[in-house]
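*Asks:* This structure is in structure tokens; I'll ask about it shortly.
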Amino acid sequence: MAESCSLFGEEQFTCSICLDLLKEPVTIPCGHSYCMGCIKDYWSVNDQTGVYSCPQCRQIFTTRPALNKNTMFAEVVERLKKTEELQADPSVTSYAEPGDIVCDVCTGRKQKAIKSCLLCLASYCETHLKLHDKLNPGKRHRLEEASIQLQEKICSQHDKLLEVYCRTDQLCICYECLMGVHKGHETVSAVAESTEKQKELKEAHKKSKQVIKRKEKELLRLKQAMESLTYSAQVAVEDSDKVFDEMIRSVEKCHSDVKRLIRSQENAAVGQAEEQVDQLQKEIAELRRRDAELGQLSKTKDYIIFLQSCQSILALPECRDSCSINVSQQVSFEGVKKSVAELKQRLEDICKGTFIKISKKGQYIRFHSTGCSYSAAIKAQSTSTPSKRKVCGE
């Protein structure tokens with residue numbers, strides 16, 4: 001570990017007997033410190049045996065050690081008490097917020113650290129930094145802005161500060177590493193290498209900004225191409241909707257015309273047939289009346305009356321052959337049905353062929369990349385309005 005000159009916390013100046021800050025601190029031969037009153041009372045119990053020991057390490061002293069006030073500890077304890085008073089005053093305290101680096105010496109609620117000591121490997125608030133400087137007068141302690149990564153700046157093998165950079169192995173090393181496994185390697189001070197790397201970093205940052213700028217321009221072009229494509233697609237959809245709506249209306253009109261034509265032909269033929277039916281019904285009724293008269297006459301026994309009646313009945317004209325009607329067994333609209341079926345097939349073929357053409361034209365729409373550069377190729381024919389076709393009235 002680096003040279004131990006760190007600033008201790010309150011627990012380091014606590015009496016292990018009364019568990020409070022040292023009062024009139026004294027240090028016994030083994031090195032442990034206690035309140036003068038506490039250690040006197042502790043040893044007074046052993047006066048009869050004449051054996052005195054340390055309450056912590058149990059080291060035995062054959063004679064009762066003389067107790068003298070440790071003035072340095074007393075000053076430190078006094079400063080700790082003042083520090084506690086300052087920490088209790090919120091008007092002069094800058095408490096650490098989440099994410100801040102905290103003071104390693106503060107007890108209770110931690111204050112925000114403003115400096116870190118690379119020799120002590122500790123971070124200090126403004127109050128404890130002054131105490132640190134006062135307790136280490138004339139010593140070359142390296143202070144820097146408060147950092148949470150202090151341990152990373154220490155060599156894991158020698159517990160020394162990393163101050164040298166080995167270019168051969170591309171590692172930060174301490175001076176003991178320099179004299180050991182890295183002896184003979186190309187090395188420079190960490191500061192010099194950092195300065196050089198800063199230049200490289202600056203150049204890399206400059207290039208990065210140029211790349212970002214270029215990428216942003218490409219992104220803008222790509223977005224503009226996407227917007228153009230979206231607009232073009234919307235126009236194509238709207239145009240196709242209009243064309244297909246017109247085609248649907250045209251087909252519906254054709255459908256209506258065909259139905260009207262069929263009904264018209266049906267009505268004409270049915271009207272003609274109904275006239276003939278009426279004529280035939282009248283003729284049949286007349287024939288039946290005459291047949292009834294003939295039957296009645298045949299039963300007449302009076303020959304005079306028979307002859308007179310027979311002469312008038314036989315004088316009636318007979319139904320001529322021209323009154324006969326030949327009815328065709330092929331009366332239907334099969335020809336119309338066939339024509340409509342052919343129209344349907346032609347429409348399906350036209351739609352299928354048109355869709356294939358539209359699909360092929362849509363294949364021209366692509367976003368091409370060359371390396372990291374993007375470009376959009378959008379063919380004008382992809383949005384062309386399909387030509388209107390006359391699907392009826394042929």
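Residue numbers (the numbering used here): 1 to 394.
We put the CB at the ideal spot given by N, CA and C, even for glycine.
Computed from a predicted model, the values in this text were never measured in an experiment.
#1: Run through the DSSP bridge pairs and tell me what Thr63 is partnered with.
#2: Can you name, in chain order, every residue of its own chain whose Cβ lies under 7 Å from the Cβ of Arg64, other than the five neighbours on each side?
#3: Is it the case that the CB of Met72 approaches a heavy atom of the ligand FAD more closely than 6 Å?
#4: Indicate the three-state DSSP secondary structure (helix, strand or coil) for Val277 in the structure shown.
#5: Roughly how many angstroms separate the alpha carbons of Glu227 and Arg221, rounded to a whole number?
#6: Quick one: give me the first and last residue of the beta strand (DSSP E) that Leu143 is part of.
#7: Hey, would you say Ala96 sits closer than 7 Å to Ser116, going by beta carbons?
#8: For Ala122, name the three-state secondary structure that DSSP assigns.
#9: Please go through the same chain and pick out, in chain order, the residues whose beta-carbon is closer than 8 Å to the beta-carbon of Tyr175, but skip the five residues on each side of it.
#10: Taking the continuous beta strand (DSSP E) assigned at Ser156, which residues delimit it?
#11: Note the first and the last residue of the continuous alpha helix (DSSP H) segment covering Leu178.
#12: Suppose contacts are defined by Cβ-Cβ distances below 7 Å. Is Cys15 in contact with Cys30 by that definition?
#13: Near Ile143, which residues of its chain fall below 6 Å by C-beta distance, leaving aside the five closest residues on each side in sequence?
#14: In chain order, what residues of the same chain have a beta carbon less than 8 Å from the beta carbon of Thr168, not counting five sequence neighbours either side?
#15: Would Leu22 and Val77 qualify as a contact pair, given that the criterion is a beta-carbon distance under 7 Å?
#16: Helix, strand or coil, according to DSSP, for Leu19 in the structure here?
#17: Would you kindly check if the distance between the Cβ of Leu67 and the Cβ of Val26 is under 7 Å?
#18: Enumerate in chain order the residues of its own chain whose CB-to-CB distance from Phe13 is below 7 Å, with the five nearest sequence positions on each side excluded.
#19: Ser384 by DSSP, collapsed to three states: which one?
#20: For Ala113, count neighbouring Cβ atoms within 10 angstroms of its own Cβ and tell me buried if that reaches 16, exposed if not.
#21: Which residues in the same chain have their Cβ closer than 8 Å to the Cβ of Ser91, if we skip the five residues on either side of it in sequence?
#22: Rounding to the nearest angstrom, what Cα-Cα distance links Pro98 and Leu129 in this structure?
#23: Spell out the partners DSSP gives Pro25 in its beta bridges.
#24: Excluding five sequence neighbours on each side, which residues of the same chain lie with their C-beta closer than 8 Å to the C-beta of Cys155?
#25: My understanding is that Val340 touches Val277, with C-beta atoms under 8 Å, so please give their C-beta distance in whole angstroms.
#26: With a threshold of 6 Å on Cβ separation, who are the neighbours of Lys134 within its own chain once the five nearest residues in sequence on each side are excluded?
#27: To the nearest angstrom, how far is the alpha carbon of Ile148 from that of Gly180?
#28: I need the straight-line Cα distance from His32 to Val191, nearest angstrom please.
#29: Spatial neighbours of Glu200 within its chain, please: C-beta separation below 8 Å, excluding the five flanking residues on both sides.
#30: So, for Glu293: in the same chain, excluding its five sequence neighbours on each side, which residues have a beta-carbon less than 7 Å away from its beta-carbon?
*Replies:* Straight from the coordinates:
#1: In the DSSP output, where bridge partners are listed per residue, Thr63 has none listed.
#2: Trp43 and Tyr52
#3: Among the components of this structure there are no ligands whatsoever, and the ligand FAD is therefore not found.
#4: helix
#5: 10 Å
#6: Leu143 to Glu145
#7: no
#8: strand
#9: Lys160, Glu163 and Val164
#10: No beta strand (DSSP E) contains Ser156, which DSSP labels as neither H nor E.
#11: Tyr175 to Met179
#12: no
#13: Strictly speaking, residue 143 in this sequence is Leu, with Ile absent from that position. Cβ neighbours of Leu143 beyond the five flanking positions: Lys115 and Cys117.
#14: His182, His185, Glu186 and Thr187
#15: yes
#16: coil
#17: yes
#18: Leu21, Leu22, Phe73, Val76, Val77 and Leu80
#19: Because Ser384 carries a pLDDT of 42, less than 50, the predicted location of this residue cannot be relied on, and no value is offered for it.
#20: buried
#21: Confidence at Ser91 is low in this model, with a pLDDT of 49, below 50, so the placement of that residue should be treated as unreliable; the coordinate-derived value is given next. Closer than 8 Å at Cβ, skipping near neighbours: no residue.
#22: 21 Å
#23: Cys35
#24: Leu161, Leu162, Ile173, Cys174, Glu176 and Cys177
#25: Actually they do not touch by this definition, with Cβ atoms about 30 Å apart.
#26: none
#27: 29 Å
#28: 42 Å
#29: none
#30: Ile313
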